[in-house]
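Reading through the structure tokens given below for one structure.
In the working numbering, the protein residues as written are 36 to 580.
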């Protein structure tokens, strides 16, 4: 178990939960009263002179290294050399303050998304830091370190961007533009009390009808990473041939997270039984509805690598509801996930409409207003032998026939629609032979052999044609089919088979979209995760020093 270190979140109910003899104060690892952080990352007693000069200072912000003492250590021939962040490590100095040595630059550097503050590497988006006034013992919470330092930053809202780092602390990158981080209306559940401050949007009726995809004739009208479509809906992004791209498998779950469903998820993912060819563990996406959900379990699953998305609060059908009701349900559940599941709100990027009941333009008005990135609700039927459909942005009209009349008719630039290609199976209703949820493709007496064969048949429809993502719609009643493990055994057998192929990757929906925004060939992505795992290992070693 990796314990949190200075300035990181901790569990204050657990004794000795922080490293380096730090204490958990109001959920943050910090030094106790009368101590300060020394050059080695440990808390030590303040000297009398230090007490006199820093009695009125915040100990969290008074961890500056004594550079004169540090320099004297470096001149000694009997002691190991040390260097603070941004200092030299050309002579094998040990980098302090959470930094690591960049051997090419021969300099101690902070990791990604960190900056130097008081000779310590501090995360840019630290969620809460403690400000302790030694005279009054008053503890205040701040949502960003810049609140404490009283640093004014120029707003980047409205500027073009490619990722969150270009938008600063108060904004995030959505659809190529820096937008203010989410606030919720006064009428949303457990509102934060802010006024209705969402990204601007056009109301229904003022928005133009979505046009047909202009590609390939006019590529300048739809360019990645913020626009993608094809006239037939079956073309991969980046003009890449299908044989050169991964076959993505997406495991999605649509239920409350409770002790029963948690057990199923742990059985599939808990022991790291399955990995992609590049070394990354497989991931999935869980669409969470509020009722009966255990938010401690939500937090645990998120830490294990699951993507968490919104499936509404009440799980009621919202098809005929107003945009405001959609907002309360979907953005409201995201707020609950943030407050009680400790999920960073920027991680909750997608939605699935409850009961797969889409809401036409009102649903997507809500998504644009609340800055959701993608939807996974609409059904697509390519036919039993047809090529399945690829996801697309809603800048232009969807490329597949709308099955129920509740698809978007207007243009919603930058919002991704990840369709559910229907499943075919011999045990489905005789009149259709297809279904959107896997539970509807089986009956109570279905065997693991039938389920495995059905999964493989539908997988091969994509794998041997256009490599469109193969998205599985899993639910509790499917995983617990007739109180047996037939379905789980079939899923495990299926994963064991497809992951033997070097071109199959099991990822979350947000990972799929990340790839589609910047598509890479198989040879380009094969080593990506190996480097990530090395960095994670290095960080783990540093934390435990």
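Yeah, the Cβ is synthetic: ideal placement off N, Cα and C, and Gly gets one too.
query	result
Contact belief for residue 533 with residue 494 at Cβ below 8 Å, rounded distance in angstroms	6 Å
Neighbour-count burial assignment, residue 246, 16 or more Cβ in a 10 Å radius	exposed
Distance between residue 523 and residue 335 (C-alpha atoms, nearest Å)	21 Å
Top-ranked residue by Cα proximity to residue 26, from 396, 67, 459, 214	In the structure as shown, the chain begins at 36 and stops at 580. Residue 26 is therefore absent and cannot be evaluated.
Proximity of residue 211 and residue 253 at Cβ, strictly below 7 Å	no
Burial state of residue 357, where buried means 16 or more other Cβ atoms lie within 10 Å	exposed
Residue(s) in a DSSP beta bridge with residue 459	469
DSSP state of residue 371 mapped onto helix, strand, coil	helix
When 517, 454, 463 are compared against residue 480, the one with the closest alpha-carbon	517
Rounded straight-line distance, which links the Cα of residue 128 to that of residue 208	38 Å
The segment 268-280 contacting the segment 298-310, beta-carbon criterion three pairs below 8 Å	no
As assigned by DSSP and simplified to three states, the class of residue 244	strand
Inter-stretch contact (C-beta, 8 Å, three-pair minimum) for the segment 324-335 and the segment 495-515	no
Alpha-carbon to alpha-carbon, residue 555 and residue 486	32 Å
Selected residue, minimal CA-CA separation from residue 138, among 402, 126, 539	126
Close Cβ partners of residue 280 (< 6 Å) along its chain, the five nearest in sequence each way excluded	271, 502
Cross-strand partners of residue 414 (DSSP beta bridge)	455
Status (buried if at least 16 other CB within 10 Å, exposed otherwise) for residue 369	buried
Contact check, residue 349 vs residue 387, beta carbons under 7 Å	no
Inter-residue Cα distance where the pair is residue 214 and residue 367	19 Å
Endpoints, the beta strand (DSSP E) within which residue 532 is located	It is not in any beta strand (DSSP E) - residue 532 instead sits in the alpha helix (DSSP H) that spans 521-533.
Residue 403: first and last residue of the uninterrupted alpha helix (DSSP H) it sits in	395-405
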